[in-house]
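In the order they appear, the protein sequences are chains W and Y. By this note's numbering, the letter at position 280 of the first sequence is numbered 290, and the numbering carries on one by one without gaps. By this note's numbering, the letter at position 88 of the second sequence is numbered 98, and the numbering carries on one by one without gaps. Working notes, structure below.
Number of protein chains: 2
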Amino acid sequence: MSTIIRDPGEVAHWDEEVDVLVVGLGVAGAAAALEASGAGADTLVLERAGGGGGTSAMSGGVIYLGGGTALQKACGFEDSEEEMFKYLMASTGLAPDEKKIRLYCEGSVAHFDWLCDQGVPFKPTYYHGTSGEPPTDDGLVWSGAENAHPFNEIARPAPRGHVPEVEHQGGPLLMERLCAAVDASPARVAANHLCTALYQRSDGHVEGVAATAFGEERRIRARGGVILTTGGFVLNDDMLLKHAPLALRCGMRVAATGDDGSGIRLGVAAGGATIHMDSISISLPITQPWKLKRGILVNRQGQRFINEDTYYGRLGAAALLHNDGQAFLIVDDGVFEKPEYMEEVAGVGETPAELEKALALPAGSLQATLDLYNRHAEQGADPVFNKSPEYLEPLDRPPFGAFDCTTEKALYAVFTLGGLHTDCEGRVLDPEGDPISGLYAAGRSSSGIAVGGYSSGLSLGDGSFFGRRAGRSAIPG
Amino acid sequence: MSTIIRDPGEVAHWDEEVDVLVVGLGVAGAAAALEASGAGADTLVLERAGGGGGTSAMSGGVIYLGGGTALQKACGFEDSEEEMFKYLMASTGLAPDEKKIRLYCEGSVAHFDWLCDQGVPFKPTYYHGTSGEPPTDDGLVWSGAENAHPFNEIARPAPRGHVPEVEHQGGPLLMERLCAAVDASPARVAANHLCTALYQRSDGHVEGVAATAFGEERRIRARGGVILTTGGFVLNDDMLLKHAPLALRCGMRVAATGDDGSGIRLGVAAGGATIHMDSISISLPITQPWKLKRGILVNRQGQRFINEDTYYGRLGAAALLHNDGQAFLIVDDGVFEKPEYMEEVAGVGETPAELEKALALPAGSLQATLDLYNRHAEQGADPVFNKSPEYLEPLDRPPFGAFDCTTEKALYAVFTLGGLHTDCEGRVLDPEGDPISGLYAAGRSSSGIAVGGYSSGLSLGDGSFFGRRAGRSAIPG
């Protein structure tokens, strides 16, 4: 018998009744609450922690937006909905949700303005550093693989990482401002409330939740809908084993303590379908500093496996998902520079043969790879993986060295992308594609824009964007 | 509102009431029905097609069993539960279900005897051919990667493919005999009955089903339980997109028409959890004849990616999942032999350079791969992928040729492995791991022994084995 689905017929008295009940106060929950309460709905947010923020507040704060936002324009970059659409369709996985991506691109400019309206500051300056999270307070950054093969041939590149104005890590500021906006709104927040069950009628309608607060159970009815925005499941080892076991090999799980998949499990128990549950984002941030892009990544067979100048989330995925988490970044004396995030030197050698011995690679394998790479690099070409000419130079100046990029020694940062199947209004769908009445989800409790390929900022982006849409949908009609 | 879950409170009159209701008559359904009816339970099987058999009857009929079966002994092979267990734990995926595998190995000898008792004939002779399905009527065959690296170092190899005594394809005979056994049992079979919905009480208990037969709907109550044995979802494009999109690129879907995931969807709508939904079995049967194992498989980068002497299911998975379905089997004049299943010659050349040009591989890439391979092969070694010495010989006799093993040109045979999460008694579990009262599953509607790595015969094997267990569990207590 399920312990997390209950019969509302057994509730003699609801402790509270609201229009819209949001479960979890990360970026998706905040956006849902702001939208619902802004439209006049009596809105309550339950947060299991002592305060809002969740994983969003532990993130780099990058928000993937484009199509010509005010920030992009201020920084002098041209972008369009169509170019953004083409990039996202090509880069986010094999089976992207075209409707969601289309809406997201169409609404991106306005969504940026909405974030500004909530008090999130963005400095109108561009950071010309590596893709990912800028160490400065600049507002715009490259946050994906737009500039690398094959995407630079598919869509006109533009930087789309929008970062709140603060040095290093934008997530805390983003959530400080969004939580302040929620506090200033008519929505109420109940912290230290852990949602433990859904009340579901025999006709399938979700009527409310049970939550535990300070040792007591409270039953809360939602007239319009319950919105699950509890994050992903990267802290739930059992769920990872069942859906994405390779995530267990990553040393860093990007998550606040609440990312145990509780919302996904509630939705599944209510008959909701999950999709893309095997999809994970895996970052291997070895591209700081730029110079290291001139090195080559090889696997345990001494073979290259990707264009090394691409987004670090693609490097991590290629290394972990397709090369057993076994990778070495090979450099020569001309390219060597110690990156901030990589401590482990796996080996050095005066010759490639010495280095492959130090790395226990098959005899001759690294030498063969370097010979082929160097021969083409001399011509400014990489016909094998199409690395950009600006990062191509022969690696032939001894000594040779290798940074250890194996899962055992390097930083692999992981979080989950799969979740409840939702439509564009945030309604949780059953396996037939029909909505479960009264049940909504957004953020990483749901499957969003990225379903197998990532760019930094897509989770804060689609969480806030579709969180707002769920907030509107859940208002009683 | 879900269209496939209904409130039993609305049923004024059940058209029929039975103890155990089995949905689907493939190998798992037959096994469940035989076990339940054999124990005295009033048992009804609904089959959507005009007769039993399902995908099992379209298969090669290989059943993966071991630990010292009567057939293994008759053919002179030693095996043990422990060696079988070690092989299955190492080869079936990253997160195998240890309890299921342990039970399966412990019960394998007796399960073979049970199959014989049902009238399935096995000729006590061994076929020394390639792994997979024998073209002869021999009973025992290699059906996995037991003999190849790394498994030959993990567990003592033994052939475990048990094949009904008939030439070419054993599935039809297997199901003919099992269906005959069902007919001879007290269990009843209702053909042309498509199960369209489950009746589930507000306390979660599954009480019965709705089925459509000859244009009319019938409501059938199960006192003990409903057992879903409707097969996988490889014919459902929408489900493949959401869970295993690469399967859509395979030219051959191993399935009877019923494999549209209907049972999985019914279970999910009732609150059941699914696991390993991204897992698929992908066969690339290019190892007939043996001699071709002496060739090398290379990807679009001209790199090898696997020991070519392994099970064809591992070749297919490596090619499709990790190399974008781009593979070429490179041979020289000494190794060339036209295999039965491969028509497409992708290119020929007097030199490796000519061949890589014909295949549009990066200049120098195939040459580098062949140089390294040949250098080691001369020493009888393959330090890169550990192909067995018996298949190692330098490929240096022109002309050189390549068989086209891309998904576009070669036979990729696929079916799904993910499904409802069940315990060892076949009970469908909710996301908290609690059983859904009254609901059971077996066969490819459920996740079984193979959760990411395959050997031929595991589906007929675990379908029949755990189908029997589900049949016993569903008997009213």
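All residues carry an ideal CB built from backbone N, CA and C; glycine is no exception.
Quick one, which residues of the stretch 199–218 of chain Y are near chain W if we go by CB-CB under 9 Å, in chain order? Closer than 9 Å at the C-beta level to chain W, one finds these residues of the stretch 199–218 of chain Y: Gln210, Arg211, Ser212, Asp213, Gly214, His215.
Hey, is proline 196 (chain W)'s beta-carbon within less than 7 Å of any beta-carbon in chain Y? Here residue 196 (chain W) is taken as the residue at index 186 of the first sequence, counted from 1. False, the Cβ-Cβ gap to chain Y never drops below 7 Å.
For glycine 273 (chain Y) and arginine 58 (chain W), I'd like the C-alpha separation in whole angstroms. The residue labelled residue 273 (chain Y) in the question sits at position 263 within the second sequence. The residue labelled residue 58 (chain W) in the question sits at position 48 within the first sequence. For the pair glycine 273 (chain Y) and arginine 58 (chain W), the Cα-to-Cα distance works out to about 36 Å.
Give every residue of the same chain whose Cβ lies closer than 7 Å to the Cβ of valine 176 (chain W), excluding the five residues on either side of it in the sequence, and list them in chain order. One-based indexing of the first sequence puts residue 176 (chain W) at position 166. Answer for valine 176 (chain W): Asp147, Leu183, listed in chain order.
Amino acids of chain W, ordered along the chain, whose beta-carbon sits closer than 7 Å to that of methionine 287 (chain Y): Reading the second sequence from its first residue, position 277 is the one you call residue 287 (chain Y). Taking a Cβ-Cβ threshold of 7 Å, the residues of chain W close to methionine 287 (chain Y) are Met287, in chain order.
Compare the Cα-Cα distances from glycine 483 (chain W) to each of W:Ala51, W:Ala22, W:Glu20 and report the closest residue. Position 473 of the first sequence, counted from the first residue, corresponds to residue 483 (chain W). A quick correction: the sequence has serine, not glycine, at residue 483 (chain W). Minimum Cα distance to serine 483 (chain W) is reached at W:Ala51.
Does the beta-carbon of threonine 13 (chain Y) have 16 or more other beta-carbons within 10 angstroms, so that it is buried, or is it exposed? For the purposes of this step, residue 13 (chain Y) is taken as residue 3 along the second sequence, with counting starting at 1. The residue is exposed, with fewer than 16 neighbouring Cβ atoms inside 10 Å.
If contacts are defined as beta-carbon pairs under 8 Å, then glycine 241 (chain Y) and glycine 436 (chain Y) qualify, I think. What distance do you get, rounded to the angstrom? The residue labelled residue 241 (chain Y) in the question sits at position 231 within the second sequence. The residue labelled residue 436 (chain Y) in the question sits at position 426 within the second sequence. Not a contact, Cβ separation roughly 15 Å.
Starting from valine 119 (chain W) and walking both ways along the beta strand (DSSP E), at which residues does that stretch end? On the first sequence, position 109 is the one that residue 119 (chain W) refers to. Careful: valine 119 (chain W) lies outside any beta strand (DSSP E), inside the alpha helix (DSSP H) at 118–127.
What in chain Y is Cβ-close to arginine 231 (chain W), meaning under 8 Å? Your numbering for residue 231 (chain W) matches position 221 in the first sequence. For the C-beta of arginine 231 (chain W), not a single chain Y residue is nearer than 8 Å; the gap to the nearest is close to 16 Å.
Count the other CB atoms, across all protein chains shown, that sit within 10 Å of the CB of histidine 138 (chain W); report buried if there are 16 or more and exposed otherwise. As a first step, residue 138 (chain W) must be located in the first sequence, where it is residue number 128. In summary, histidine 138 (chain W) is exposed, with fewer than 16 beta-carbon neighbours lying within 10 Å of its beta-carbon over all protein chains present.
Take histidine 253 (chain W) and list the residues in its own chain whose beta-carbon comes closer than 7 Å to its own, dropping the five residues that flank it on each side. As a first step, residue 253 (chain W) must be located in the first sequence, where it is residue number 243. Residues of the same chain with a CB within less than 7 Å of the CB of histidine 253 (chain W), apart from the 5 flanking positions on each side, are Met287, Asp288, Gly428 in chain order.
Less than 7 Å between CB atoms is the rule here; does glutamine 311 (chain W) satisfy it with respect to chain Y? Taking the first residue of the first sequence as 1, we reach residue 311 (chain W) at position 301. When Cβ-Cβ separations below 7 Å define contact, glutamine 311 (chain W) makes contact with chain Y.
Within 10 angstroms of its Cβ, does glutamine 389 (chain Y) collect 16 or more other Cβ (buried), or is it exposed? Position 379 of the second sequence, counted from the start, is the residue given in the question as residue 389 (chain Y). The residue in question, glutamine 389 (chain Y), is exposed, as its Cβ has fewer than 16 Cβ neighbours within 10 Å.
Answer with yes or no whether the minimum CB distance from leucine 104 (chain W) to chain Y is below 7 Å. For the purposes of this step, residue 104 (chain W) is identified with residue 94 of the first sequence, where counting begins at 1. At least one chain Y Cβ lies under 7 Å of leucine 104 (chain W).
Within the 7 Å Cβ cut-off, does glutamate 442 (chain Y) reach chain W? In the second sequence, counting from the first residue as 1, residue 442 (chain Y) sits at position 432. Under the 7 Å criterion on CB atoms, glutamate 442 (chain Y) is classed as interfacial with respect to chain W.
Indicate whether at least one CB of chain W lies closer than 7 Å to the CB of leucine 468 (chain Y). On the second sequence, position 458 is the one that residue 468 (chain Y) refers to. Look at leucine 468 (chain Y): its C-beta is not under 7 Å from any C-beta on chain W.
If distances are taken between C-alpha atoms only, which option among Y:Val32, Y:Ile459, Y:Arg231 comes closest to aspartate 433 (chain Y)? As a first step, residue 433 (chain Y) is located in the second sequence; it is residue number 423 there, counting from the start. Ranking Y:Val32, Y:Ile459, Y:Arg231 by Cα distance to aspartate 433 (chain Y) puts Y:Ile459 first.
On the CB-based measure, 16 or more other CB atoms within 10 Å of its CB, does phenylalanine 95 (chain W) come out buried or exposed? Within the first sequence, residue 95 (chain W) is the residue found at index 85, counting from 1. Phenylalanine 95 (chain W) should be labelled buried.
Spatial distance of alanine 423 (chain W) from arginine 407 (chain Y) (CA atoms): Working through the first sequence from its first residue, we reach residue 423 (chain W) at position 413. Working through the second sequence from its first residue, we reach residue 407 (chain Y) at position 397. If I take the Cα positions, the gap works out to 48 Å.
Buried or exposed: where does glycine 218 (chain Y) fall if 16 or more other Cβ atoms within 10 Å of its Cβ makes it buried? Taking the first residue of the second sequence as 1, we reach residue 218 (chain Y) at position 208. The C-beta of glycine 218 (chain Y) has 16 or more other C-beta atoms within 10 Å across all chains shown, which makes the residue buried.
Take the Cβ of proline 496 (chain W) as the centre, count every other Cβ of all protein chains shown within 10 Å, and call the residue buried at 16 or more, exposed below. No answer is possible for residue 496 (chain W): the residues shown for chain W start at 11 and end at 487.
Within chain W, the residues that leucine 382 (chain Y) reaches when beta carbons sit closer than 7 Å: The sequence position of residue 382 (chain Y) within the second sequence is 372, counting from 1. Simply Gly374, Ser375, Ala378.
Closer than 8 Å by beta-carbon distance: list the chain Y residues that pair up with serine 12 (chain W), in chain order. Translated into the one-based positions of the first sequence, residue 12 (chain W) becomes position 2. Per Cβ cutoff of 8 Å: Gly214, Gly281, Asp440, Glu442, Asp444, Ile446.
Which same chain residues, not among the five before or five after glycine 467 (chain W), have their C-beta less than 6 Å away from its C-beta? Counting from 1 along the first sequence, the entry for residue 467 (chain W) is found at position 457. Cβ within range, chain order: Val72, Ile73, Tyr74, Ser153, Gly171.
In the DSSP assignment, find the beta strand (DSSP E) that holds glycine 39 (chain Y) and state where it starts and stops. Within the second sequence, residue 39 (chain Y) is the residue found at index 29, counting from 1. Unbroken run through glycine 39 (chain Y) is the alpha helix (DSSP H), 37–48; no beta strand (DSSP E).
Leaving out five residues before and five after threonine 53 (chain W) in sequence, what residues of the same chain have Cβ atoms less than 6 Å from its Cβ? As a first step, residue 53 (chain W) is located in the first sequence; it is residue number 43 there, counting from the start. Excluding residues within five positions, the ones whose Cβ falls inside 6 Å are Val30, Ala43, Ala46, Ser47, Ala197.
Using the three-state DSSP reduction, which class does serine 272 (chain Y) fall into: helix, strand or coil? The sequence position of residue 272 (chain Y) within the second sequence is 262, counting from 1. Serine 272 (chain Y): helix per DSSP, three-state reduction.
How big is the Cα-Cα spacing for glutamate 364 (chain Y) and valine 358 (chain Y)? Within the second sequence, the letter at position 354 stands for residue 364 (chain Y). Within the second sequence, the letter at position 348 stands for residue 358 (chain Y). Cα-Cα distance, rounded: 8 Å.
Buried versus exposed, by CB contacts within 10 Å (16 or more), asparagine 185 (chain W): To locate residue 185 (chain W), count along the first sequence from 1; it is residue 175. The sequence shown places methionine at residue 185 (chain W), rather than the asparagine named in the question. Methionine 185 (chain W) is buried by the Cβ-count criterion.
What in chain W is Cβ-close to histidine 159 (chain Y), meaning under 8 Å? Working through the second sequence from its first residue, we reach residue 159 (chain Y) at position 149. Per Cβ cutoff of 8 Å: no residues; histidine 159 (chain Y) is ~13 Å from chain W at best.
Name the two residues that bound the continuous alpha helix (DSSP H) containing phenylalanine 161 (chain W). One-based indexing of the first sequence puts residue 161 (chain W) at position 151. First-last of the alpha helix (DSSP H) with phenylalanine 161 (chain W): 161–164.
Which first and last residues belong to the alpha helix (DSSP H) in which arginine 407 (chain Y) is found? Counting from 1 along the second sequence, the entry for residue 407 (chain Y) is found at position 397. Taken as a continuous stretch (DSSP letters only), arginine 407 (chain Y) belongs to no alpha helix (DSSP H), as it is neither H nor E.
Complete beta strand (DSSP E) runs within the stretch 150–234 of chain Y (minimum length 3 residues, chain order): Runs of the beta strand (DSSP E) inside the stretch 150–234 of chain Y: 198–200, 203–210, 216–223.
CA nearest to the CA of serine 212 (chain Y), picked from Y:Ala452, Y:Asp17, Y:Phe425: For this step, residue 212 (chain Y) is matched to residue 202 along the second sequence. Among Y:Ala452, Y:Asp17, Y:Phe425, the Cα nearest to that of serine 212 (chain Y) is on Y:Asp17.
Chain W within 7 Å of leucine 405 (chain Y), Cβ atoms only: Position 395 of the second sequence, counted from the first residue, corresponds to residue 405 (chain Y). By this cut-off, leucine 405 (chain Y) is not an interface position.
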